[in-house]
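2 protein chains.
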Amino acid sequence: MMATPKTKPRFRRVAPDQRRELLIAAGMACLAKGGILDFTIDRICAEAQVSRGLITHHFGAKDNLLAAIYETMIGQLISSVEGNVSGIGGIIDGMFPDGPEQRETLRIWLALWGEIANTPALLKAHRKQYARYRAAVENALGELARQRKRQPDINQAAIMFISLVDGLWLERSIDPRQISAEDARAACWRLLDLLFGPPLS
Amino acid sequence: MMATPKTKPRFRRVAPDQRRELLIAAGMACLAKGGILDFTIDRICAEAQVSRGLITHHFGAKDNLLAAIYETMIGQLISSVEGNVSGIGGIIDGMFPDGPEQRETLRIWLALWGEIANTPALLKAHRKQYARYRAAVENALGELARQRKRQPDINQAAIMFISLVDGLWLERSIDPRQISAEDARAACWRLLDLLFGPPLS
DNA sequence: GCGCTTGTTATACAATCGTTCAACAAGAAG
DNA sequence: CTTCTTGTTGAACGATTGTATAACAAGCGC
Chain A
1366 MMATPKTKPR FRRVAPDQRR ELLIAAGMAC LAKGGILDFT IDRICAEAQV SRGLITHHFG
1426 AKDNLLAAIY ETMIGQLISS VEGNVSGIGG IIDGMFPDGP EQRETLRIWL ALWGEIANTP
1486 ALLKAHRKQY ARYRAAVENA LGELARQRKR QPDINQAAIM FISLVDGLWL ERSIDPRQIS
1546 AEDARAACWR LLDLLFGPPL S
Chain B
1366 MMATPKTKPR FRRVAPDQRR ELLIAAGMAC LAKGGILDFT IDRICAEAQV SRGLITHHFG
1426 AKDNLLAAIY ETMIGQLISS VEGNVSGIGG IIDGMFPDGP EQRETLRIWL ALWGEIANTP
1486 ALLKAHRKQY ARYRAAVENA LGELARQRKR QPDINQAAIM FISLVDGLWL ERSIDPRQIS
1546 AEDARAACWR LLDLLFGPPL S
C-alpha cells in the first residue's frame, strides 16, 4: 500500500469578502510601516502572502483598495464614538490609549490624510463619512452639555474638539515623544471643562 | 559685414545657492500639486525647467531636497511667530489668511508630515526645529498672559494651542470647505479667551 | 469520481523610478 | 583670445511601478 503522494495545495481559495479584508489588513500594515510610498502592489501582496494579481482582481485598481482602507478606518472611528457607553470620557480614552498599540493606527491616518486631496475616490468617501463623524461628536458633546447644564455653541465646540484631537493625533503620529497619551487626554478634558464648565459633582 | 550667428546658450549657469532655491521652489510646487507621490526627480526638474542630473548634483539625493524643503517651511513658520509685532493676533491672522493662497502651503505641510517618520533626515530636522517653534509659541502666549493678568499653565496652553492650530490646518488642507479661515481664527481666539480670560478692556 | 466555475498564480508589458557618469559648454580668470 | 573651472546636460543603468492577461487548479455541485 503506497503512500498517496498528496501534493500540498499551492494556494487556498477564499471567499471574496474575506480576501478583501485580508488585503485591506495587508495594505494597512504597509501604510503603517512606510507611509504612502510603501503602499505598493508588490509590498502589499508580499505582506498578504499572495500573488500580485489579486489586488486588481478584487479591487480593480490600487486606489480602490486605498478607498476601502479609508472606509474601514473611518468606520471604526465612528463606531467608537457612536457606540460609546460611558460618554465622552470613554471616547477620549479610546482616542488616546496608553502604550504603543495606537502608533499603527495614527500612521495609517497620516498616510490617508495626505492622499485624500489627491485621490478623487478618497475625497468623495471623506466628505460623506466626515459629516457622520462630526454629527456623532456633536451628539456626544450635546449630552455632556446637558449633564453640566450649559448651552454653549455646539457647532463651534465640535470644530474645536475635533481639531484639537486631530492636532494631537498629528503630533503623536509624527513623533510620539513630543506629547504623551496622558498629556493628550488632559488637553481634551481641559478644553471640555473650559467649554462646558467643570464637572458638577 | 555678416551677422554673427550668435547661437543662443543652451543653459545658464547659476550660483549653487540660487540653484538650490530654485529646486526647492520647484519641489514645493510638486508637493502642493500632487503630494509626496508627485515628488519625483522627473517632475521636479520639469517644473524647474532643468535637466534630471541637477538634483543629485546639488543635493546628493532626493531625500536631502525634501529635508531642505522642510527647513525652508519651518523657518518661515518660526519667523512668522517670532517676528510678529502685533502679538498673538498677528500670528493667528498669519496662520489663517483669507483667500486660497494658503492652500499650497498647507498641502506642502501635509505631504511633509506624512514623510517625517519615514525619512530619518526629516525626523532629525523636525525634532530640532519643532522645539524652536514650540518655544516661540510659548513666548507669545506668555506675553498674552501678562497682558491679561493671568498665569495659566503655559506648557499645557502651548500644547493645546499648537495642536488646535495643527488640527485646523489639517482639516483645511484636506478639505477647505469644512472649516473656513474665519471659523479657524475664531476657534483660536475662543481657546485663548477661555485659557487666559477675556480681553481686559 | 467528474466537470465547471472562478479564485489564484505567474508572466509580460510599457512606463517611470532614483542614481550614476561621461561629455559638454558657460563664463570667469589670465 | 586662450585656458580652466565647474555648473549643466542627457543618455544609460537596473530596479520597481501598476495593470493586463493567459494558464492553472481548488473545491463545490452534481
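Top line first, the protein sequences correspond to chains A and B.
Quick note: the first sequence uses our numbering, first residue 1366, plus one each step.
Quick note: the second sequence uses our numbering, first residue 1366, plus one each step.
Where is the CB? At the ideal position from N, CA and C, for every residue including glycine.
Separation of residue j from residue i, as counted between CA atoms
{"i": "Asp1463(A)", "j": "Ala1380(B)", "result": "51 Å"}
{"i": "Val1502(A)", "j": "Ala1500(B)", "result": "32 Å"}
{"i": "Gly1425(B)", "j": "His1491(B)", "result": "20 Å"}
{"i": "Leu1533(B)", "j": "Cys1553(A)", "result": "15 Å"}
{"i": "Gly1473(A)", "j": "Arg1515(A)", "result": "Strictly speaking, residue 1473(A) in this sequence is Ile, with Gly absent from that position. Roughly 36 Å separates the two Cα atoms."}
{"i": "Cys1395(A)", "j": "Ile1544(B)", "result": "31 Å"}
{"i": "Gly1392(A)", "j": "Arg1384(A)", "result": "12 Å"}
{"i": "Asp1407(B)", "j": "Ile1401(A)", "result": "19 Å"}
{"i": "Pro1564(A)", "j": "Gly1455(A)", "result": "16 Å"}
{"i": "Ala1312(B)", "j": "Leu1560(B)", "result": "Given a span of 1366 to 1566 for chain B in the structure shown, any question on residue 1312(B) remains unanswerable."}
{"i": "Asp1428(A)", "j": "Ile1389(A)", "result": "12 Å"}
{"i": "Ala1496(A)", "j": "Ala1433(A)", "result": "18 Å"}
{"i": "Glu1508(B)", "j": "Glu1536(A)", "result": "25 Å"}
{"i": "Arg1444(B)", "j": "Thr1470(B)", "result": "Note on identity: in this sequence residue 1444(B) is Ser, with Arg being the wrong assignment. One C-alpha to the other measures close to 15 Å."}
{"i": "Ser1416(A)", "j": "Thr1405(A)", "result": "13 Å"}
{"i": "Gln1467(A)", "j": "Asp1518(B)", "result": "27 Å"}
{"i": "Phe1526(B)", "j": "Thr1421(B)", "result": "39 Å"}
{"i": "Thr1484(B)", "j": "Ile1539(A)", "result": "11 Å"}
{"i": "Asp1382(A)", "j": "Asp1458(B)", "result": "49 Å"}
{"i": "Leu1512(A)", "j": "Leu1475(A)", "result": "According to the sequence shown, residue 1512(A) is Gln rather than Leu. Roughly 34 Å separates the two Cα atoms."}
{"i": "Ser1566(B)", "j": "Trp1478(A)", "result": "42 Å"}
{"i": "Ile1439(B)", "j": "Glu1447(B)", "result": "12 Å"}
{"i": "Cys1410(B)", "j": "Thr1437(B)", "result": "19 Å"}
{"i": "Val1450(A)", "j": "Asn1449(B)", "result": "46 Å"}
{"i": "Asp1548(B)", "j": "Leu1442(A)", "result": "24 Å"}
{"i": "Ile1465(A)", "j": "Glu1412(A)", "result": "Note that residue 1465(A) corresponds to Pro in the displayed sequence, not to Ile. So the alpha carbons of these two residues sit roughly 21 Å apart."}
{"i": "Ser1528(A)", "j": "Ser1528(B)", "result": "8 Å"}
{"i": "Ala1397(B)", "j": "Lys1489(A)", "result": "20 Å"}
{"i": "Pro1370(B)", "j": "Asp1403(B)", "result": "The predicted position of Pro1370(B) is uncertain, since its pLDDT is 48 and thus under 50; a value taken from the coordinates is nonetheless stated next. Going from the Cα of Pro1370(B) to the Cα of Asp1403(B) covers about 41 Å."}
{"i": "Ala1368(B)", "j": "Gly1399(B)", "result": "Note that Ala1368(B) scores 37 on pLDDT, short of 50, meaning its location in the model is unreliable and no value can be drawn from it."}
{"i": "Gly1562(B)", "j": "Gly1562(A)", "result": "14 Å"}
Limits of the alpha helix (DSSP H) - the one that residue i falls within
{"i": "Val1446(A)", "result": "Lys1427 to Glu1447"}
{"i": "Asp1548(B)", "result": "Ala1546 to Phe1561"}
{"i": "Val1530(A)", "result": "Ile1519 to Ile1539"}
Top-ranked residue by Cα proximity to residue i, from the options
{"i": "Arg1378(B)", "options": "Leu1419(B), Ile1401(B), Asp1403(B) and Gly1399(B)", "result": "Leu1419(B)"}
{"i": "Gly1452(B)", "options": "Asp1548(B), Ala1505(B), Arg1555(B) and Glu1536(B)", "result": "Ala1505(B)"}
{"i": "Val1530(A)", "options": "Ala1546(A), Arg1513(A) and Asn1520(A)", "result": "Ala1546(A)"}
{"i": "Tyr1435(A)", "options": "Phe1526(A), Leu1487(A), Ala1510(A) and Leu1557(A)", "result": "Leu1487(A)"}
{"i": "Asn1520(B)", "options": "Glu1480(A), Gln1441(A) and Arg1555(A)", "result": "Arg1555(A)"}
{"i": "Ala1567(B)", "options": "Ile1409(B), Glu1447(B), Tyr1498(B) and Met1460(B)", "result": "For chain B, the structure presents residues 1366 to 1566; residue 1567(B) sits outside this window and is missing."}
{"i": "Arg1375(B)", "options": "Ala1397(B), Gly1399(B), Lys1398(B) and Gln1414(B)", "result": "Gln1414(B)"}
{"i": "Phe1461(A)", "options": "Arg1550(A), Leu1430(A), Gln1441(A) and Thr1437(A)", "result": "Arg1550(A)"}
{"i": "Asp1558(B)", "options": "Ile1539(B), Ala1510(B), Arg1542(B) and Ser1538(B)", "result": "Ala1510(B)"}
{"i": "His1423(A)", "options": "Ile1457(A), Gly1479(A), Glu1386(A) and Lys1398(A)", "result": "Glu1386(A)"}
{"i": "Lys1316(B)", "options": "Ile1457(A), Arg1542(A) and Gln1441(A)", "result": "No answer is possible for residue 1316(B): the residues shown for chain B start at 1366 and end at 1566."}
{"i": "Glu1480(B)", "options": "Leu1430(B), Ile1409(B), Cys1410(B) and Pro1465(B)", "result": "Leu1430(B)"}
Closer than 7 Å: residue i CB and nearest the ligand HEM heavy atom
{"i": "Arg1472(B)", "result": "Among the components modelled here there is no ligand, and therefore nothing to report on the ligand HEM."}
Give, in chain order, every unbroken run of the alpha helix (DSSP H) that is at least 4 residues long and sits entirely within the segment 1460-1487 of chain B. Complete alpha helix (DSSP H) runs here, min 4: 1468-1481.
What alpha helix (DSSP H) runs, 4 residues minimum, are completely inside the segment 1369-1423 of chain A? 1381-1399 and 1406-1413
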